[in-house]
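Number of protein chains: 2
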Amino acid sequence: MLNTLPLKGMNDYFPDDQRKTDYILEKISAAAHSFAYEKYDAPVLEPVELFSAKSSVELVNEQSYNFTDKGGRHLILRPEMTPSMARMMARVIKEKPKPLRWYSFPNCYRYERPQKGRLREFRQINFDLVGTNSIYADAEMISLLRSVFSNFGASENTYSIRFNDRRLINSLLGAHGFNAEQSILFFSTVDKKGKMPDADYNEYIREKHDGQAEFVLKYLQADSISAISELAGTNANAEFSQAADKCREFISAVNRLGINNLVFSPSTVRGLDYYTGIVFEIFAESAGPARALCGGGRYDNLLGLFSGENLSGTGFGMGVYILGLFLEENGLLPDFSEKTASEKSAFCFFTEPGLASLTAAAAAQMRLNGWAVEFEPEAGKIPKMLGKAQKKGYKFCLLLGPDEEKKQCIVLKNLENGENREIKVTQVH
Amino acid sequence: MLNTLPLKGMNDYFPDDQRKTDYILEKISAAAHSFAYEKYDAPVLEPVELFSAKSSVELVNEQSYNFTDKGGRHLILRPEMTPSMARMMARVIKEKPKPLRWYSFPNCYRYERPQKGRLREFRQINFDLVGTNSIYADAEMISLLRSVFSNFGASENTYSIRFNDRRLINSLLGAHGFNAEQSILFFSTVDKKGKMPDADYNEYIREKHDGQAEFVLKYLQADSISAISELAGTNANAEFSQAADKCREFISAVNRLGINNLVFSPSTVRGLDYYTGIVFEIFAESAGPARALCGGGRYDNLLGLFSGENLSGTGFGMGVYILGLFLEENGLLPDFSEKTASEKSAFCFFTEPGLASLTAAAAAQMRLNGWAVEFEPEAGKIPKMLGKAQKKGYKFCLLLGPDEEKKQCIVLKNLENGENREIKVTQVH
Numbered sequence: 050m051l052n053t054l055p056l057k058g059m060n061d062y063f064p065d066d067q068r069k070t071d072y073i074l075e076k077i078s079a080a081a082h083s084f085a086y087e088k089y090d091a092p093v094l095e096p097v098e099l100f101s102a103k104s105s106v107e108l109v110n111e112q113s114y115n116f117t118d119k120g121g122r123h124l125i126l127r128p129e130m131t132p133s134m135a136r137m138m139a140r141v142i143k144e145k146p147k148p149l150r151w152y153s154f155p156n157c158y159r160y161e162r163p164q165k166g167r168l169r170e171f172r173q174i175n176f177d178l179v180g181t182n183s184i185y186a187d188a189e190m191i192s193l194l195r196s197v198f199s200n201f202g203a204s205e206n207t208y209s210i211r212f213n214d215r216r217l218i219n220s221l222l223g224a225h226g227f228n229a230e231q232s233i234l235f236f237s238t239v240d241k242k243g244k245m246p247d248a249d250y251n252e253y254i255r256e257k258h259d260g261q262a263e264f265v266l267k268y269l270q271a272d273s274i275s276a277i278s279e280l281a282g283t284n285a286n287a288e289f290s291q292a293a294d295k296c297r298e299f300i301s302a303v304n305r306l307g308i309n310n311l312v313f314s315p316s317t318v319r320g321l322d323y324y325t326g327i328v329f330e331i332f333a334e335s336a337g338p339a340r341a342l343c344g345g346g347r348y349d350n351l352l353g354l355f356s357g358e359n360l361s362g363t364g365f366g367m368g369v370y371i372l373g374l375f376l377e378e379n380g381l382l383p384d385f386s387e388k389t390a391s392e393k394s395a396f397c398f399f400t401e402p403g404l405a406s407l408t409a410a411a412a413a414q415m416r417l418n419g420w421a422v423e424f425e426p427e428a429g430k431i432p433k434m435l436g437k438a439q440k441k442g443y444k445f446c447l448l449l450g451p452d453e454e455k456k457q458c459i460v461l462k463n464l465e466n467g468e469n470r471e472i473k474v475t476q477v478h
Numbered sequence: 050m051l052n053t054l055p056l057k058g059m060n061d062y063f064p065d066d067q068r069k070t071d072y073i074l075e076k077i078s079a080a081a082h083s084f085a086y087e088k089y090d091a092p093v094l095e096p097v098e099l100f101s102a103k104s105s106v107e108l109v110n111e112q113s114y115n116f117t118d119k120g121g122r123h124l125i126l127r128p129e130m131t132p133s134m135a136r137m138m139a140r141v142i143k144e145k146p147k148p149l150r151w152y153s154f155p156n157c158y159r160y161e162r163p164q165k166g167r168l169r170e171f172r173q174i175n176f177d178l179v180g181t182n183s184i185y186a187d188a189e190m191i192s193l194l195r196s197v198f199s200n201f202g203a204s205e206n207t208y209s210i211r212f213n214d215r216r217l218i219n220s221l222l223g224a225h226g227f228n229a230e231q232s233i234l235f236f237s238t239v240d241k242k243g244k245m246p247d248a249d250y251n252e253y254i255r256e257k258h259d260g261q262a263e264f265v266l267k268y269l270q271a272d273s274i275s276a277i278s279e280l281a282g283t284n285a286n287a288e289f290s291q292a293a294d295k296c297r298e299f300i301s302a303v304n305r306l307g308i309n310n311l312v313f314s315p316s317t318v319r320g321l322d323y324y325t326g327i328v329f330e331i332f333a334e335s336a337g338p339a340r341a342l343c344g345g346g347r348y349d350n351l352l353g354l355f356s357g358e359n360l361s362g363t364g365f366g367m368g369v370y371i372l373g374l375f376l377e378e379n380g381l382l383p384d385f386s387e388k389t390a391s392e393k394s395a396f397c398f399f400t401e402p403g404l405a406s407l408t409a410a411a412a413a414q415m416r417l418n419g420w421a422v423e424f425e426p427e428a429g430k431i432p433k434m435l436g437k438a439q440k441k442g443y444k445f446c447l448l449l450g451p452d453e454e455k456k457q458c459i460v461l462k463n464l465e466n467g468e469n470r471e472i473k474v475t476q477v478h
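Sequence order for the protein chains is A and B. To convert, take the position in the first sequence, counting from 1, and add 49; that gives my numbering. To convert, take the position in the second sequence, counting from 1, and add 49; that gives my numbering.
Here it is in structure tokens:
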């Protein structure tokens, strides 16, 4: 006998699960429509070079599914969507009015140890706004995410929007004499915040950062643009001031949209790749474990690998699975265990084998009149069939027995109030 | 510079293409809803054994993407959905009321020479009705397909529904003394009809079938159940008569549904795997090349590999790409090259940089009132922006200049009749 389970770290989507995914993606699609984003998709397989050019070596070599095909091509099952998006944008960016607004729901693949919240096949939500460096594009990302969470009924106190600015921090570090190597270490350290006990973390900082440890510790306490400016002090250069001004403009634009859960977060740096400006995360703040639900930010040279053109954009990625966990923990998902039969839907059956053809014709007729009809292909007794219909959540039955055959009609029965209505069966065309 | 093209035989889906796919899948989903089918999905990767158990050796070894992962598992990118569907059904079949109606839109993968109508990554449409051997389940497949094609506006004369019955043919062959090997050869020969010139084909039959060539040629002329019965003649056994009766019942059930393009087709045998009863194809009969758009049939022991239970079902698969070609050739697809802005959608812009924040707030307010709003994040002159909006197909603009700022309002402009309406900008919550 063959194993009936899917591969480790991958999920089957039975109708209950699929309804949940569809519910989530429909809400996201509604937000996309509301902000005029257009859907795109790319092949799941790509040449491995597309990823090794920009993604981390660890991601490509260790954490991905990659193999050589029969034609000798080294292929990868995409671990993320951004490189494919950039490749596609590079194909059309010259002929399209900018900015471009694109979104997608790609399946992505990582060869990692499976654990709660991490799958080897996972559905991702990606939004990108490319071809403008306006701070109002960054603000739109936040506005869009706010709209997504509102669509699910998640109030502002269930999550926070944490942001930072890579340009701001880079100029801060420059002003404090960090060289390239020290800066890389700085980002790596900052990214570890909250991932180990506080005491260990402080020790880690003192160990790794020598004479700069005090600065790192102070930095991690700086919870506003003013605090960061104070930290920069008289060392602040023009680039720092400009970045700080942009951040203030960003905060004010977001607040003007009625969004009050945006916070400056020194530890939000979103890895080293791509990002060159404002970066952000949605962070779960209520029920369930504290975790990032979504991350994104501005990138300045994503298309540089494909064309001479230097195009600035901003975007984010969010996992459907993680988002689903958050919504469940906050009681924001309907019950998907039973399909809820829509108003105009009926379970259709007949009581004797000879009546199948007439009943099937009646079902077809009802469908043409806008009904969803589940047709029971084998004859059954009335009480048993009514019970089956009720178990399946139907409010209506269509039933046909010998009496109905004589009258060439079918009975539409309301299971809630017992009302019957006879409907004439005519020739379907 | 990196190549911007996707892998050979795979397609990028730009928003235009994606709109087409979504249009097609929405129509199919509507039919699925109307017949009470439920959506499911499975991982793209499966253990290779799942496919080598039932699919042809050629498909698994030569025509698929398969590889060994870092954990030593031999994996395959699914070349078709049926084995995964069977695996999933086996997991839940005991606890669910039968029959089960499932559908899915899986991406599938084949390592074949790419050509028109054949891709290496392709989107498939799969429907299955499992847990009943009623002939009315077979008829439902036809009814469902009719509904799908009607949803697209395809009339009966643009396609035919060709069917045959594996049980009928097997008992016919048995009655004529075909042994197992000769039967396999027979199906292979019959399947080649129309794939080479007639003269060559006749010669091929005479060469391959020796003393049985006359029978094969006569069989291929038998275009009805009566003709097949005549061919069976006095050799016909009880199984043959039973199968012939079932076929007649099937034809009559389908005709009763107002479907008149069902034809018995001796050459429709749908390969050797799975199928054990009625098999069918939708065949393009109008514009474009003659080809099968869809194929399916009854299988009796799909779950046997996973459980002791012997469950009968019927189903079909259809390629989105091929279906799209057929619809295009018949002029049944809208123009997807430009997005058609929906009634309540507007292009929103401001004329001076200082007005961005107020305009973004106005856009957010309009979205809360049900409008889809594309926000231009950089200031622009009115004529240029109106032109951009028109090019993008918008009927409405939202514009904000210094006058509107004074009044704290935004202008909703109808681009078709030039009408302006002022809308007060309030605080968004």
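Glycine included, each C-beta is placed from N, C-alpha and C at the ideal position.
Residue i to residue j span [Cα, whole Å]
i: Ser273 of chain A; j: Phe313 of chain A; result: 5 Å
i: Gly345 of chain B; j: Lys103 of chain A; result: 44 Å
i: Ser209 of chain A; j: Asp349 of chain A; result: 26 Å
i: Glu111 of chain A; j: His258 of chain A; result: 28 Å
i: Glu334 of chain A; j: Ala91 of chain A; result: 34 Å
i: Ile73 of chain A; j: Gly373 of chain A; result: 8 Å
i: Ala248 of chain A; j: Arg255 of chain A; result: 11 Å
i: Ala421 of chain B; j: Gln231 of chain A; result: 46 Å
i: Val328 of chain A; j: Thr238 of chain A; result: 17 Å
i: Phe365 of chain A; j: Lys241 of chain A; result: 21 Å
i: Asn463 of chain B; j: Lys437 of chain B; result: 14 Å
i: His123 of chain B; j: Ser220 of chain B; result: 39 Å
i: Val474 of chain B; j: Ala410 of chain B; result: 8 Å
i: Tyr370 of chain B; j: Tyr370 of chain A; result: 29 Å
Per-residue burial, residue i [other beta carbons within 10 Å of its own, 16 or more giving buried]
i: Arg136 of chain A; result: buried
i: Gln457 of chain B; result: exposed
i: Gly120 of chain B; result: exposed
i: Gly442 of chain B; result: exposed
i: Ala287 of chain A; result: exposed
i: Ile191 of chain A; result: buried
i: Gly326 of chain B; result: buried
In DSSP terms, what residue i is bridged to
i: His123 of chain B; result: B:Thr117
i: Ser209 of chain B; result: B:Phe332
i: Pro128 of chain B; result: According to DSSP, Pro128 of chain B bridges with nothing at all.
i: Gln164 of chain B; result: B:Arg167
i: Asp384 of chain B; result: According to DSSP, Asp384 of chain B bridges with nothing at all.
i: Trp151 of chain A; result: A:Glu87, A:Asp177
i: Lys393 of chain B; result: None; Lys393 of chain B has no bridge partner.
C-beta contact flag for residue i and residue j at 9 Å
i: Thr400 of chain A; j: Lys440 of chain A; result: no
i: Ser394 of chain B; j: Lys444 of chain B; result: yes
i: Phe100 of chain B; j: Pro146 of chain B; result: no
i: Glu453 of chain A; j: Ile459 of chain A; result: yes
i: Tyr86 of chain A; j: Tyr185 of chain A; result: no
i: Ile174 of chain B; j: Met367 of chain B; result: yes
i: Glu486 of chain B; j: Asn304 of chain B; result: Lying before the first or after the last residue shown, residue 486 of chain B is absent from chain B, which here runs from 50 to 478.
i: Tyr158 of chain A; j: Arg169 of chain A; result: yes
Cβ neighbours of residue i in the same chain (closer than 8 Å, five flanking residues each side left out)
i: Ile142 of chain A; result: Leu149, Val179, Gly180, Leu352, Ser356, Glu358, Leu360
i: Gln270 of chain A; result: Ala276, Pro315
i: Pro163 of chain A; result: Lys57, Gly58, Arg169
Contacting residues, own chain, Cβ-Cβ under 6 Å from residue i (five flanking each side not counted)
i: Thr408 of chain A; result: Phe399, Leu449
i: Ala336 of chain A; result: Glu378, Asn379
Proximal residues to residue i (C-beta, below 7 Å), its chain only, five neighbours per side dropped
i: Leu381 of chain B; result: Phe201, Gly202, Ala203
i: Lys69 of chain B; result: Gly373, Leu382, Phe385
i: Tyr89 of chain A; result: Met137, Trp151, Ser153
heavy atom of the ligand ZN below 8 Å from residue i C-beta
i: Gly467 of chain A; result: Among the ligands in the structure shown, none appear at all, so the ligand ZN cannot be discussed.
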